[in-house]
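What follows is a short report on a single structure.
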Amino acid sequence: MRIDWPDLRTQRAARLHGVTIDIEGWIVTDDLSEARNHFALIGEPSCCIACLPRDPLARIEVFASTPIMPDSNGVRLTGRLVCLDDDEMGWRYQLREARLMPSPVAPGFTRRAALAGGALFGLSSWAPLALAADPDAAAIAAARQAMDGAVTADLHSHAGAVIRMREPNLPFVPLAAPMREGRMAVVCLAVVSDGPVIGPTDNNTRIRPNRTPAPGELYSYAQIAFGRLQQLVREQQLGVITSAAAMRAAHPDRPSVLVTSEGGDFLEGRPERVDEAYEKWNLRQIQLTHYRVNELGDIQTEPTEHNGLTEAGVAVIRRCNARGVIVDVAHGTTSLVRRAAEVTTKPLILSHTSFATSPGRFSRLVSAEHARLVARTGGVIGIWPPTSIFPDVTAYAAGMARMVDAVGIDHVGIGSDMMGLLGPSALPSYSRLPAVAAALMARGFNAADMRKLVGGNYLRVALANLA
Numbered sequence: 260m261r262i263d264w265p266d267l268r269t270q271r272a273a274r275l276h277g278v279t280i281d282i283e284g285w286i287v288t289d290d291l292s293e294a295r296n297h298f299a300l301i302g303e304p305s306c307c308i309a310c311l312p313r314d315p316l317a318r319i320e321v322f323a324s325t326p327i328m329p330d331s332n333g334v335r336l337t338g339r340l341v342c343l344d345d346d347e348m349g350w351r352y353q354l355r356e357a358r359l360m361p362s363p364v365a366p367g368f369t370r371r372a373a374l375a376g377g378a379l380f381g382l383s384s385w386a387p388l389a390l391a392a393d394p395d396a397a398a399i400a401a402a403r404q405a406m407d408g409a410v411t412a413d414l415h416s417h418a419g420a421v422i423r424m425r426e427p428n429l430p431f432v433p434l435a436a437p438m439r440e441g442r443m444a445v446v447c448l449a450v451v452s453d454g455p456v457i458g459p460t461d462n463n464t465r466i467r468p469n470r471t472p473a474p475g476e477l478y479s480y481a482q483i484a485f486g487r488l489q490q491l492v493r494e495q496q497l498g499v500i501t502s503a504a505a506m507r508a509a510h511p512d513r514p515s516v517l518v519t520s521e522g523g524d525f526l527e528g529r530p531e532r533v534d535e536a537y538e539k540w541n542l543r544q545i546q547l548t549h550y551r552v553n554e555l556g557d558i559q560t561e562p563t564e565h566n567g568l569t570e571a572g573v574a575v576i577r578r579c580n581a582r583g584v585i586v587d588v589a590h591g592t593t594s595l596v597r598r599a600a601e602v603t604t605k606p607l608i609l610s611h612t613s614f615a616t617s618p619g620r621f622s623r624l625v626s627a628e629h630a631r632l633v634a635r636t637g638g639v640i641g642i643w644p645p646t647s648i649f650p651d652v653t654a655y656a657a658g659m660a661r662m663v664d665a666v667g668i669d670h671v672g673i674g675s676d677m678m679g680l681l682g683p684s685a686l687p688s689y690s691r692l693p694a695v696a697a698a699l700m701a702r703g704f705n706a707a708d709m710r711k712l713v714g715g716n717y718l719r720v721a722l723a724n725l726a
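Position 251 (the sequence shown) corresponds to 510 in the working numbering; numbering is contiguous.
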């Protein structure tokens with residue numbers, strides 16, 4: 260018997276206790292590269308085990324008859340549904356003796372057709388298992404033409420291998436050339452200010468802090484990191500955005516970067532260091548937190564310590580507003596973002612994430628409530644493209660569309676996290692930007708709205724912030 264995820268929230272599920280059912284979803288384990296007998300099944304793509312939904316009605320514990328390999332496009336399983344009343348691990352449903360079934364999706368099935376015909380979770384939140392192919396060459400050429408004259412922008416990037424700090428003599432990767440090829444005008448190029456004290460877990464599924472920094476350590480590290488960024492700028496003859504006028508004049512024939520820090524850790528709680536970085540390194544965007552709970556506030560991926568934004572964080576936001584530095588609340592908890600939205604006098608950004616109906620504990624994804632806090636400041640949420648969530652540009656465009664459904668067309672952009680993801684990316688090079696634009700237009704966005712999503716929305720926020 261086929262059931263859909265909304266059925267798990269109704270009395271129908273209780274009546275199916277012990278019945279063999281089939282259901283579609285995504286496998287979540289601590290290692291997505293291995294087949295497993297025991298795993299979780301969820302109704303939406305997930306980037307890692309940390310994104311397992313807290314809601315017990317949004318997940319199923321699966322015990323398979325034979326090991327099943329995770330598939331980024333999703334799976335269809337059959338097995339015996341078991342309803343639990345008081346499971347010590349918090350599970351409400353199990354699927355036992357589970358087996359993998361062939362996908363029921365017919366050739367030619369597209370995401371657009373699925374949405375037109377009905378959805379498992381509602382039009383704004385379903386991600387079906389079948390994904391259309393990349394746009395064809397004609398569609399990409401048309402989208403490229405439609406981008407002409409737009410100030411395209413990536414809200415968050417480490418492109419060019421700018422953050423390979425453990426190998427300081429490693430050559431940079433080309434950045435300017437693919438920007439020109441793909442018509443990307445501005446990249447928010449980020450150093451990582453907590454780099455020495457964070458690292459991937461043993462199974463490479465999460466990044467966590469691994470020690471406490473010494474006083475002054477992260478400040479000193481950031482000086483080296485900013486210096487490396489400036490070296491890349493010089494070698495590849497990139498422009499540097501330092502003012503609203505420069506942002507307004509940005510053009511892909513003259514690729515530019517906007518200097519960014521991922522994490523305010525180098526400030527060490529001292530707001531006056533914003534001024535120093537502004538003057539010395541042309542800092543124009545700062546992400547308050549990264550992968551350690553720092554002096555400015557709490558993060559999504561670790562237990563809270565400050566109940567959100569600290570008073571030092573408040574002071575940093577006010578200093579950024581005064582100087583003309585864009586404030587990025589990516590990685591921050593919902594409580595941090597709520598307080599930041601109360602404090603700021605300028606639009607915020609949340610540079611790289613994606614939408615989830617019910618994000619799991621320690622997930623980097625955000626709910627509609629979380630995203631709307633940023634949107635209400637006039638800000639923008641950048642959607643990131645890990646293939647564990649979005650296998651190709653068509654799926655990535657669908658992820659952007661889901662966030663548009665949640666917050667509106669004026670509040671979504673691209674946040675590639677290029678060369679910063681733990682795994683592959685659906686947008687591995689800026690030369691692929693026209694394909695993203697074509698995929699957005701294939702989803703029904705007109706040229707004007709597509710231009711907003713590939714940079715226009717960020718341009719508005721940058722002009723409102725920059726001195």
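Using N, Cα and C, we set each Cβ at its ideal position, and we do this for glycine too.
If you're wondering where the values come from, they're calculated on a predicted model, not measured in any experiment.
Inset, instruction - Kindly indicate which three-state DSSP category M709 falls into: helix, strand or coil? - result: helix
Legend entry - Presumed contact (8 Å Cβ cut-off) between T646 and S331, rounded CB distance: 6 Å
Inset, instruction - Work out the CA separation of M328 and A721 for me, nearest whole Å. - result: 43 Å
Inset, instruction - Give a yes or no on whether the C-beta atoms belonging to V671 and N716 are separated by under 8 Å. - result: yes
Legend entry - Spatial neighbours of E492 in its chain, beta-carbon cut-off 7 Å, leaving aside the 5 residues before and after: The sequence given here places Val at residue 492; Glu does not occur at that position. Excluding positions up to five away in sequence, the list reads V499, V516.
Inset, instruction - With DSSP collapsed to three states, give me the class of H510. - result: strand
Inset, instruction - State the Cα-Cα distance for the pair R578 and V533, rounded to the nearest angstrom. - result: 7 Å
Legend entry - Three-way DSSP call (helix, strand, coil) for A726 in this model: coil
Legend entry - Buried or exposed by the 16-neighbour rule on C-beta atoms within 10 Å, applied to P650: buried
Inset, instruction - Helix, strand or coil for A657, going by three-state DSSP, please let me know. - result: helix
Legend entry - Straight-line Cα distance separating A273 from A536: 59 Å
Legend entry - At least three beta-carbon pairs within less than 8 Å, the region 677-697 to the region 632-642: no
Legend entry - Closest Cα partner of F621 within the set F614, Q559, G523: Q559
Legend entry - the region 334-341 contacting the region 351-360, beta-carbon criterion three pairs below 8 Å: yes
Legend entry - For H276, three-class secondary structure by DSSP: coil
Legend entry - Extent of the continuous alpha helix (DSSP H) to which E628 belongs: 627-634
Legend entry - Reduced DSSP category for Q482 - H, G, I as helix; E, B as strand; rest coil: helix
Inset, instruction - Output yes or no for whether 8 Å exceeds the beta carbon distance between A760 and I399. - result: No information on residue 760 is available, as it lies outside the stretch 260 to 726 that the chain covers here.
Inset, instruction - Run the CB neighbour count on T569, radius 10 Å, all protein chains shown included, and call it buried at 16 or more, exposed below. - result: buried
Inset, instruction - With a 10 Å radius around its C-beta and 16 neighbouring C-beta atoms as the bar for buried, classify S610 as buried or exposed. - result: buried
Legend entry - Pick from L316, G284, T279, V278 that is closest to R268, judged by C-alpha positions: L316
Legend entry - Proximity below 8 Å, CB of S520 to CB of N566: no
Inset, instruction - Measure the Cβ-Cβ separation of D708 and I668 and say whether it is below 8 Å. - result: yes
Inset, instruction - Please state if the CB of G523 and the CB of V575 are separated by a distance shorter than 8 Å. - result: yes
Inset, instruction - List the endpoints of the continuous alpha helix (DSSP H) containing S594. - result: 593-602
Inset, instruction - Leaving out five residues on either side along the sequence, give the residues of the same chain with a beta carbon under 7 Å from the beta carbon of R635. - result: A600
Legend entry - Supposed close pair H549, D453 - CB separation, criterion 8 Å: 5 Å
Legend entry - Every unbroken beta strand (DSSP E) within the region 533-571, with a cutoff of 3 residues, ordered by chain: 544-546
Legend entry - the region 445-460 touching the region 480-487, judged by at least three CB pairs closer than 8 Å: yes
Inset, instruction - State the DSSP-derived secondary structure class of P459, mapped to helix, strand or coil. - result: strand
Legend entry - With 16 other Cβ atoms within 10 Å as the buried cut-off, status of P606: buried
Legend entry - Secondary structure of G284, DSSP reduced to three states: strand
Inset, instruction - For A396, count neighbouring Cβ atoms within 10 angstroms of its own Cβ and tell me buried if that reaches 16, exposed if not. - result: exposed
Legend entry - Close-in-space but distant-in-sequence residues of the same chain around T604 (CB under 7 Å, 5 per side omitted): N580
Legend entry - Own chain partners of L526 with C-beta closer than 6 Å, once the 5 adjacent residues on each side are dropped: R532
Inset, instruction - Can you grab the Cα-Cα spacing for the pair V450 / A484, in whole Å? - result: 6 Å
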